[in-house]
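Enquirer: Numbering-wise, numbering that gives the first Met the number 0 puts 48 at position 49 of the sequence shown, and it's gapless, one number per residue.
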Amino acid sequence: MSEVTEDRYADFYTRQLASPTLARIYREVYGDDHPEELRPFGFVTRTDLARFADLLSLRPGELLVDVGCGRGGPGVSLARDAGARLLGLDPVESAVRGARELSVTLGLPEARFEIGGFTATGLGDASCDAVLSVDALWMVWNKRAAFAEMARILRPGGRLVFSTWEPGYLDHAKMLVRAGFTVTAKEEAHRWLERQLEVYRLVLQEADTLREELGPGAPVLLAEAKDTPATLPDTPRYIIAATL
Numbered sequence: 000m001s002e003v004t005e006d007r008y009a010d011f012y013t014r015q016l017a018s019p020t021l022a023r024i025y026r027e028v029y030g031d032d033h034p035e036e037l038r039p040f041g042f043v044t045r046t047d048l049a050r051f052a053d054l055l056s057l058r059p060g061e062l063l064v065d066v067g068c069g070r071g072g073p074g075v076s077l078a079r080d081a082g083a084r085l086l087g088l089d090p091v092e093s094a095v096r097g098a099r100e101l102s103v104t105l106g107l108p109e110a111r112f113e114i115g116g117f118t119a120t121g122l123g124d125a126s127c128d129a130v131l132s133v134d135a136l137w138m139v140w141n142k143r144a145a146f147a148e149m150a151r152i153l154r155p156g157g158r159l160v161f162s163t164w165e166p167g168y169l170d171h172a173k174m175l176v177r178a179g180f181t182v183t184a185k186e187e188a189h190r191w192l193e194r195q196l197e198v199y200r201l202v203l204q205e206a207d208t209l210r211e212e213l214g215p216g217a218p219v220l221l222a223e224a225k226d227t228p229a230t231l232p233d234t235p236r237y238i239i240a241a242t243l
């Protein structure tokens, strides 16, 4: 098994947008840095998105592949603003359906979204110009296989940009080099720790209300909020960029 069972978030995906309490938590913690219109799943900010745009350097007509795209908002925003094409891949069917709907709302109806994952994209060799992944790579067991797949689908000179958390036993940069990439950036995301911890604190504080609003989608969120804070200070959230 190469990927964590990411579909454990399927119930949460289908119910997240029905929780006004969770939306309020993100607004309170992130303020204007929260890209609420993109309906993100995770901790991406407007500051992150601006950095992704700089590192991807998308040109009009290029193909961006967003792996683990969720509802697709960040990838749609980046591709739309650059005049690029977009293909989003996610193993969760409800996320793909949501991404297709959101891309129309956000003004990129031609974007495509399909079922797919990090180690099996279903794409041809050298078939895209850039790959993006936002806060999803941590769910992949076999990261070496994932990076090999990214190297396979990227054209020579292609760019890979992703955000993820890095525990002490992992070194994403070394794995990227082994896969044939040149690492061009590895930097901690802006104010990531204090804000992520505050989200978790408020989630636990509002646990009863979130159970009512999220139903079967609540347990995975509450477990994450309970279990993650103890190790989070030693697991920095990085934005990493590499080229072939």
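Cβ atoms here follow ideal geometry from the backbone N, Cα and C, with glycine treated the same way.
Which residues mark the beginning and the end of the alpha helix (DSSP H) in which G74 is found?
Expert: First-last of the alpha helix (DSSP H) with G74: 72 to 81.
Enquirer: Quick one: measure Cβ to Cβ for H189 and T20, integer angstroms, because I've assumed they're closer than 8 angstroms.
Expert: Wrong, their Cβ atoms sit about 25 angstroms apart, outside the cutoff.
Enquirer: Less than 7 angstroms between the C-beta atoms of Y199 and A240, yes or no?
Expert: Cβ distance not < 7 angstroms, so Y199 and A240 don't count as in contact.
Enquirer: From which residue to which residue does the beta strand (DSSP E) around F161 run?
Expert: Run containing F161: 153 to 164, per the beta strand (DSSP E) assignment.
Enquirer: Looking only at its own chain, which residues have a Cβ that is under 6 angstroms from the Cβ of G87, when we skip the five neighbours before and after it?
Expert: Closer than 6 angstroms at the Cβ level, and outside the excluded window around G87, lie D65, C68, G71, G74, A98, F112.
Enquirer: Pop quiz: L101 and R38 are said to be a contact at Cβ under 8 angstroms. What is the actual Cβ separation, rounded to whole angstroms?
Expert: Their Cβ separation, rounded to whole angstroms, is 6 angstroms, which keeps L101 and R38 in contact under 8 angstroms.
Enquirer: Counting beta carbon pairs with one atom in the region 190 to 210 and one in the region 114 to 133, are three or more of them shorter than 8 angstroms?
Expert: Not touching, per the Cβ criterion.
Enquirer: Three or more C-beta pairs under 8 angstroms: does that hold for the region 75 to 83 against the region 173 to 184?
Expert: Verdict: no, contact absent.
Enquirer: For T234, name the three-state secondary structure that DSSP assigns.
Expert: Looking at T234 - three-state DSSP - the assignment turns out to be coil, as it is neither helix nor strand.
Enquirer: Let's test the definition: count the other Cβ atoms within 10 Å of the Cβ of Y168 and tell me whether it reaches 16, buried, or not, exposed.
Expert: Under this definition Y168 is an exposed residue.
Enquirer: Let me confirm a value: G156 is counted as buried when at least 16 other C-beta atoms fall within 10 Å, else exposed. Which label applies?
Expert: With fewer than 16 Cβ atoms within 10 Å of its Cβ, G156 is classed as exposed.
Enquirer: Contact defined as beta carbons within less than 8 angstroms: I believe L231 pairs with L192. What is the distance between those atoms, to the nearest angstrom?
Expert: Yes, they are in contact, since the Cβ atoms of L231 and L192 sit about 7 angstroms apart, within 8 angstroms.
Enquirer: Applying the criterion that 16 or more other CB atoms from any shown protein chain within 10 Å of the CB defines a buried residue, is T118 buried or exposed?
Expert: Its Cβ being crowded by 16 or more others within 10 Å, T118 is buried.
Enquirer: Use the C-beta contact count for R238: other C-beta atoms within 10 angstroms, 16 or more gives buried, fewer gives exposed.
Expert: Sequence inspection shows Ile at residue 238; the Arg mentioned does not correspond to that position. Buried, since its Cβ has 16 or more Cβ neighbours within 10 Å.
Enquirer: Does the distance from the CB of L105 to the CB of L85 come in under 7 angstroms?
Expert: No, the pair does not count as a contact, with Cβ atoms beyond the cut-off.
Enquirer: Less than 7 angstroms separating the beta-carbons of D244 and S162?
Expert: Given a span of 0 to 243 for the chain in the structure shown, any question on residue 244 remains unanswerable.
Enquirer: In this structure, does DSSP put E186 in helix, strand or coil?
Expert: Correct three-state label for E186: strand.
Enquirer: Using C-beta distances below 6 angstroms, list every residue in its chain close to A178, excluding the 5 sequence neighbours before and after it, in chain order.
Expert: Closer than 6 angstroms at the Cβ level, and outside the excluded window around A178, lie F146, A147, A150.
Enquirer: Would you mind giving the Cβ-Cβ distance between R194 and Y29, rounded to the nearest angstrom? I have them listed as a contact below 8 angstroms.
Expert: Yes, R194 and Y29 are in contact; Cβ-Cβ is about 6 angstroms, under 8 angstroms.
Enquirer: With a CB to CB cut of under 6 angstroms and the five nearest residues on each side skipped, what residues in its chain are close to R158?
Expert: The answer, listed in chain order, is L55, A129, T242.
Enquirer: Can you name the start and end residues of the alpha helix (DSSP H) that E197 belongs to?
Expert: Taken as a continuous stretch (DSSP letters only), the alpha helix (DSSP H) holding E197 covers 191 to 204.
Enquirer: Under three-state DSSP, which class holds A129?
Expert: Three-state result, A129: strand.
Enquirer: Please identify the residue among E186, A222, E27 whose C-alpha is closest to the C-alpha of W164.
Expert: For W164, the nearest C-alpha among the options comes from E186.
Enquirer: Could you compute how far the alpha carbon of H33 sits from the alpha carbon of V182?
Expert: The alpha-carbon atoms of H33 and V182 are separated by roughly 28 angstroms.
Enquirer: From A22 to F11, what distance separates their C-alpha atoms?
Expert: A22 and F11: Cα-Cα distance of roughly 13 angstroms.
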